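The structure under discussion appears below in the form of structure tokens.
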Amino acid sequence: MLTCKEVTHLLSEGQDRKLTVAERVRLEMHFLVCEGCGNFRKQMDFLRAACRRYVGERSRDDDRND
Amino acid sequence: MNDCFAPEALEALRRDMLRFASLQLRDDAAAEDAVQEALAAALDGKRKFEGRAALKTWVFAILRNKIVDAIRQRSRSVNVSSLSAEEEAMDETFDSLFKPNAHWNPGKGPKAWGDPEAALGQEQFWAVFEACLKYLPANTARVFMMREFLEFDTDEVCAELKISSSNCHVILHRARNGLRRCLEQNWFAAGASSC
Ligand SMILES: [Zn+2]
Chain A
0 MLTCKEVTHL LSEGQDRKLT VAERVRLEMH FLVCEGCGNF RKQMDFLRAA
50 CRRYVGERSR DDDRND
Chain B
0 MNDCFAPEAL EALRRDMLRF ASLQLRDDAA AEDAVQEALA AALDGKRKFE
50 GRAALKTWVF AILRNKIVDA IRQRSRSVNV SSLSAEEEAM DETFDSLFKP
100 NAHWNPGKGP KAWGDPEAAL GQEQFWAVFE ACLKYLPANT ARVFMMREFL
150 EFDTDEVCAE LKISSSNCHV ILHRARNGLR RCLEQNWFAA GASSC
């Protein structure tokens with residue numbers, strides 16, 4: 000079983016490369032029993048979305064719903 | 000003359016560009032240079048713009064290249080992989096969230112943020128977001144923003160800054176965790192009773 004610390008590293012790497020099937024299965028098993036890591040995953044996805052939006056709103060005009 | 004070149008419109012554009020460049024370069028003079036060069040290149044008159052949005056998109060595309068050039072130059076003199084005291088402190092804080100078995104300490108795990116998408120529509124959220132970015136140590140922020148704002152592949156970021164890919168992952172992980180903690184404490188949990 001992955002530790003929570005390992006999960007945070009894998010989730011961050013998941014923003015940078017495609018995780019393997021084995022990695023994803025281990026993550027999903029961890030999320031079943033760990034709410035904190037599930038929240039961490041959502042937070043990583045949110046960060047990515049926020050960064051895209053931040054750049055988008057600065058570099059495009061009147062385009063709030065991209 | 001097209002009104003997207005009106006002085007006030009240009010000044011607003013220049014301010015947006017300057018904020019974007021300063022955040023990434025952490026050096027006002029270098030940011031000012033990058034913005035001037037990008038504006039000069041965009042407005043050299045060889046290109047016609049269909050309104051302000053087109054100009055803005057074009058000018059930011061040029062600005063990104065100028066920022067990358069500035070980062071590239073700087074990476075020749077700055078060792079991105081050396082750890083500052085700030086970065087060491089971030090790592091210690093991160094470690095303090097865990098029990099010795101590397102599972103979350105009770106009460107220290109990441110919280111549910113409810114409906115975070117709603118925050119994206121709020122101006123005040125973006126002020127907190129920028130403050131949290133500024134709070135990141137310079138090198139950590141630079142790697143993170145190259146990845147997320149300039150949208151380089153992680154491999155390209157490592158190559159440009161001459162750091163190993165494992166170190167790249169460590170730095171990005173540090174940045175992401177720092178940011179999520181900062182947002183949690185200053186936005187999502189602000190007003191909530193848990194700590
Ligand atoms: Zn966990």
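Sequence order for the protein chains is A and B.
Heads up: the first sequence begins at 0 in numbering that gives the first Met the number 0, then just goes up one per residue.
Heads up: the second sequence begins at 0 in numbering that gives the first Met the number 0, then just goes up one per residue.
We treat Cβ as the ideally placed atom computed from N, Cα and C, and that holds for glycine.
Note that this is a predicted model, so its numbers are computed, not measured.
What does residue i touch in chain A if you count any residue whose Cβ is under 7 Å from its own?
| i | result |
| --- | --- |
| F48(B) | What F48(B) touches in chain A: nothing, since even the nearest Cβ is about 11 Å away. |
| L178(B) | L46 |
| P115(B) | F45 |
| E85(B) | Under the 7 Å cutoff, chain A gives no residues; its nearest Cβ is about 19 Å from E85(B). |
| N138(B) | Those do not exist, as N138(B) stays about 17 Å from chain A at its closest Cβ, beyond 7 Å. |
| W103(B) | C3 and G35 |
Taking residue i as the query, report the chain A residues whose CB atoms sit under 8 Å from its CB, ordered along the chain.
| i | result |
| --- | --- |
| T92(B) | Result: empty, since nearest Cβ-Cβ is about 13 Å, beyond 8 Å. |
| L9(B) | Simply none; closest approach about 13 Å. |
| A175(B) | Rather than Ala, the amino acid found at residue 175(B) in this sequence is Arg. The answer, in chain order, is S11, Q14, M43 and L46. |
| D68(B) | Those do not exist, as D68(B) stays about 18 Å from chain A at its closest Cβ, beyond 8 Å. |
| D15(B) | R57 |
| W112(B) | N38, K41, Q42 and F45 |
| N100(B) | T2 |
Just to make sure I have the definition right: I need the residues of chain B whose C-beta is within less than 8 Å of the C-beta of residue i. Which are they?
| i | result |
| --- | --- |
| H8(A) | H168 and H172 |
| R16(A) | T153 |
Going along chain B, which residues have a C-beta under 7 Å from residue i?
| i | result |
| --- | --- |
| A49(A) | L119 and F128 |
| D54(A) | According to the sequence provided, residue 54(A) is Val. The question's Asp does not apply to it. Correct list: F148. |
In terms of residue numbering, what span does the alpha helix (DSSP H) encompassing residue i cover?
| i | result |
| --- | --- |
| V54(A) | E34 to S58 |
| Q23(B) | P6 to L24 |
| S38(B) | In the sequence as presented, Ser is not what sits at residue 38(B); that position holds Leu. Residues D27 to A41. |
| L62(B) | G50 to S76 |
| V79(B) | Taken as a continuous stretch (DSSP letters only), V79(B) belongs to no alpha helix (DSSP H), as it is neither H nor E. |
| M143(B) | Note that residue 143(B) is Phe in the sequence shown here, rather than Met. Its alpha helix (DSSP H) spans residues A137 to E147. |
Assign residue i to one of three DSSP states: helix, strand, or coil.
| i | result |
| --- | --- |
| L9(A) | helix |
| D65(A) | Residue confidence for D65(A) is low, a pLDDT of 38 falling below 50, so the modelled location carries little weight and cannot support an answer. |
| S192(B) | Low per-residue confidence applies at S192(B): pLDDT is 40, beneath 50, and the placement is therefore not dependable enough to give any value. |
| L182(B) | helix |
| Q71(A) | Only positions 0 to 65 of chain A appear in the structure, and residue 71(A) is not among them; the question remains open. |
| S165(B) | helix |
| F187(B) | helix |
| Q121(B) | coil |
| D152(B) | coil |
| L1(A) | coil |
| K47(B) | coil |
| M0(B) | Note that M0(B) scores 47 on pLDDT, short of 50, meaning its location in the model is unreliable and no value can be drawn from it. |
Using a Cβ cut-off of 9 Å, pull out every chain A residue sitting near residue i, in sequence order please.
| i | result |
| --- | --- |
| G108(B) | C3, C33, E34, G35, C36, N38 and F39 |
| P6(B) | Within 9 Å Cβ-Cβ: nothing; P6(B) doesn't reach chain A, min ~17 Å. |
Which chain B residues are close to residue i, counting only those with a beta carbon under 9 Å from its beta carbon?
| i | result |
| --- | --- |
| R73(A) | In this structure chain A extends from 0 to 65, so residue 73(A) is not present and cannot be described. |
Taking 7 Å as the CB-CB limit, is residue i close to chain C?
| i | result |
| --- | --- |
| E183(B) | Here chain C cannot be found, since the structure's protein chains are A and B. |
(message) Please give the ranges of any alpha helix (DSSP H) in the region 86–113 of chain B, keeping only runs that are unbroken, at least 4 residues long and fully inside the region.
(response) none
(request) May I have all residues whose beta carbon comes closer than 7 Å to any heavy atom of ligand 1, sorted in chain order? (result) C3(A), V6(A), H29(A), C33(A), G35(A), C36(A), H102(B) and W103(B)
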